[in-house]
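Numbering of the sequence shown is given in the working numbering, commencing with residue 50 and proceeding in unit increments.
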Amino acid sequence: MNAPTLAHPTSFPTFATIHGKLVQGVSYAIPFVVTGGVLLALGYALGGPAIGAAPPVTEGFDWLARTGWAALLHQLGTLTFGLLVPVVGGYVAHAIADRPALVPGFVGGTVAAQTGAGFLGGLVAGVLAAPSSNDSPACAHPAPSRACIPCWSCRWSAP
């Protein structure tokens, strides 16, 4: 005898589904963590603990000085870590709602980074950006403009 099935299955995603989407999105941030960490470690190894106070390399860079290279590596590592929150926001949104959510997720992640919300802010921004670009009635466009839709971040059903 077959097992009974639910007459009205729920459309709510399970915790495992949500968790899987978050992990998939966060996994894209791992190369940024590794690269930023290696660059910072090399900068500290070459320049010592005072390298964080070095002037920006855009103000002057000495190709032959060890401290110049140390400052460059340290500043590149810091920049790489600065990209972490927007990447988390963008790819969490991408994991939930596919490509149309990528740009809204990156923008939300950038806002989270600029406001100091950090990693969790980027995560929340990605989760909030996903439904805003996923078959929303706000994304309905008139027929003449549908040729431009691949350029926009909204998708819709066929007419």
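For glycine and all other residues, C-beta sits at the position ideal for the given N, C-alpha and C. Quick caveat: nothing in here was measured; it's all calculated off a predicted structure.
- Around the beta carbon of P135, a 10 Å sphere encloses 16 or more other beta carbons of the protein chains shown; the residue is thus reported as buried.
- For the pair A146 and P180, the Cα-to-Cα distance works out to about 7 Å.
- In this structure, G92 lies away from V141, with their beta-carbon atoms at least 8 Å apart.
- Under the 10 Å beta carbon count, G69 is surrounded by fewer than 16 other beta carbons and is classified as exposed.
- The beta-carbon separation of L95 and W118, rounded to 6 Å, stays under the 8 Å limit for a contact.
- Between H143 and G158, the CB-CB gap reaches or exceeds 8 Å.
- Contact annotation: L71 and L177 have beta-carbon atoms that are not nearer than 8 Å.
- Contact between G85 and V137 does not hold, since the beta-carbon distance rounds to 13 Å and is not under 8 Å.
- DSSP, read as helix, strand or coil, puts A114 in coil.
- Distance from the Cα of A162 is smallest, within the candidate group F81, T107, L132, G109, for L132.
- Exclusion of the five residues before and after I100 leaves G92, Y93, T116, A119, A120, H123 as the residues of its chain whose Cβ lies within less than 8 Å of its Cβ.
- One thing to note: F81 has its Cβ within 8 Å of the Cβ of T129.
- DSSP places P98 within a helical segment (H, G or I) once states are collapsed to three.
- Apart from sequence neighbours up to five positions away, no residue of its chain approaches T164 with a beta-carbon distance below 6 Å.
- With a cutoff of 8 Å on beta-carbon distance, L125 and G139 are scored as not near each other.
- It is roughly 37 Å from the alpha-carbon of T127 to the alpha-carbon of T63.
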